[in-house]
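Residue numbers (full-length UniProt numbering): 1 to 654.
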């Protein structure tokens, strides 16, 4: 799409725009130089984009940085952070000392944007492509919230979601997944801005990615705008057009990486710094009077602070409108305020099931059906496996992610960053690998998505080794601040959901089974991260298991008792919390008896128990086979006869 010349003429230049943009570049360069080195290229090359977006187009307010109706901005190309920090500094949102602390410990200006360091950051970015998915999630959340709460003459939720990406972002697979989702769902409040400098670390971008972006985005049902220059007025005009579109918009803006430096338009321009002499020359070439580090023209600060006036006024106008909305629609207003304050709750304590001795996924199905009928602000779905994982939502809660596991997890992050939605999504445990980079980012940002990873072990059976998880539990548990819950029956499943719904700053994965398991518990009262299912005063060994293997541990204990060897059986639905909770460990008195663990995974985390007592166990060993689940399970040693021999040997009983 070409922009109308009439539209372009309507935009007035910022007074002293040349000085303003030059000063932004100077601030960015000084911060990078002071840190030793950094991502100089985008910070100096995309200045006009940063200014147009943040300065003149994006609505936000320091009066309430987390205002629900602010425009969202995701710097997917997170390495360009200093370009953003420079403008925030001039606007009075970041101090000069904080610019000097770029990339230092506990700084508000880290190398890549982090949501917990600076209140004006909407997403932690750095791993390329994921910012695009998070922006898509934000646009989806905006659409769903607007549909639920907006009324005639009251557009309480009505804002845009801007993503600034680079060439590298669009080469990552998650980008295609997320953009296809955005186009399919016609997320018209999503505006993707492409800093097109055609340079990356090793090569030009077109050397490795010769995509015709205009045709590509049109095929995804995006409106496309290809700019011929990066003037602020041109960018403003493109954004004005984008906001009128009834579909998501892609805007390509040509820039020069490491603008006005010796590295300009070369692969050396991505990362580096300038020595004092070259920095002085750089500022001179920009026409700046102040050329020493961290010295800037005072009037630029005044111009920048004035940019906030209209933004603050829009926020105050919205507050007035919301007050009127609450008077006219008190119930909706209260619910929306509860959403703002994260006060929504769901009572799991009174959940009952149609029968016991079911597969864990069948209990999940009944829980999901109850959640689906509630008025929780929740979004849920699966990567096209809802029928198999039994996580089928309906109506306003339903998300059809398609077969896009990575995008599903990235979109979830965006939804959670947007506000206090609950998010539940699912796939097979073996396919959780597809989601891992986004799960890591969830944990890093202290978000709380809930994942249902089904088909938990060799018991998957006939679908074969590609679908039988082995190493996935180890992968998930290895992510810092990520918790895995593996329930063994219906009561542990309720416990898992209750635990997950009360988690405010931690992702949770609930691992479910395809095969039926015996029910052991009678109520929720005694269930903890680990607890005794069976305890004997004569016990000579502690059998500890999770999920599917708890039933096997109970059978093994019975077999041992026939030999007059008694065992305690401990279910450990949350292994990580058992290992990290000294109080629970002491309560269970695990130092008293030898420990034998059972789990159909190869997670070495279990061996942390060895520091307390004599330890052994039986775990997954190698990939499975295409055969009935019970046969594969038994073949891999998960049968009572094999385990009995192993335990007797462990106890040195002939």
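Beta carbons are placed, not taken as given, at the ideal position from N, Cα and C, and that holds for glycine. Just so we're clear, the structure is a prediction, and the values are computed from it rather than from any experiment.
| query | result |
| --- | --- |
| Measure the alpha-carbon distance for residue 381 versus residue 174 and round it to whole angstroms. | 18 Å |
| Tell me which residue opens and which closes the beta strand (DSSP E) that residue 190 is part of. | 190-196 |
| State the DSSP-derived secondary structure class of residue 20, mapped to helix, strand or coil. | helix |
| Once the 5 residues before and after residue 224 are set aside, which same chain residues still bring their CB inside 7 Å of it? | 1, 214, 217, 218, 250 |
| So the candidates are 648, 565, 631, 477; which of them puts its Cα closest to the Cα of residue 604? | 477 |
| Following the continuous beta strand (DSSP E) through residue 542, name the residue where it begins and the one where it ends. | 539-545 |
| For chain B, find out if any of its Cβ atoms is closer than 8 Å to the Cβ of residue 453; answer yes or no. | The chain inventory of the structure shown lacks chain B, comprising one protein chain alone. |
| Residue 225 bridges to which residues according to DSSP? | 251 |
| What does DSSP give as the partner residue(s) for residue 616 in the beta ladder? | 596 |
| I want to know whether the region 621-632 touches the region 442-462 - three or more CB-CB distances under 8 Å. | yes |
| Which residue marks the beginning of the beta strand (DSSP E) containing residue 400, and which one marks its end? | 398-400 |
| Which partner residues does residue 199 have in the DSSP bridge list? | 204 |
| Which of the three DSSP states, helix, strand or coil, is assigned to residue 481? | coil |
| So what does residue 450 bridge to, in DSSP terms? | 424, 508 |
| Considering only the alpha carbon of each residue, which of 25, 580, 558 lies closest to residue 280? | 25 |
| Are the region 428-439 and the region 151-161 in contact at 8 Å, needing three or more beta carbon pairs? | no |
| Classify residue 387 as buried or exposed, calling it buried when 16 or more other Cβ atoms lie within 10 Å of its own Cβ. | exposed |
| What does the Cβ neighbour count give for residue 612, buried or exposed, with the cut at 16 atoms within 10 Å? | exposed |
| Closer than 6 Å by C-beta to residue 10: which residues in its own chain qualify, once you throw out the five before and the five after it? Chain order, please. | Unreliable placement is indicated for residue 10, whose pLDDT of 48 sits below 50; the coordinate value is still reported in the next sentence. No residues qualify anywhere along the chain. |
| Could you say if the region 308-326 and the region 42-54 meet the contact criterion of at least three C-beta pairs nearer than 8 Å? | no |
| Can you tell me the Cα-Cα spacing of residue 403 and residue 385, whole angstroms? | 8 Å |
| Are the region 159-171 and the region 68-88 touching, with three or more C-beta to C-beta distances below 8 Å? | yes |
| What is the DSSP secondary structure of residue 85, reduced to helix, strand or coil? | helix |
| Using alpha carbons as the reference points, say which of 471, 311, 573, 286 lies closest to residue 18. | 286 |
| Just to confirm before moving on: does the CB-CB distance between residue 264 and residue 257 stay below 8 Å? | yes |
| At the level of alpha carbons, what is the spacing between residue 563 and residue 525? | 32 Å |
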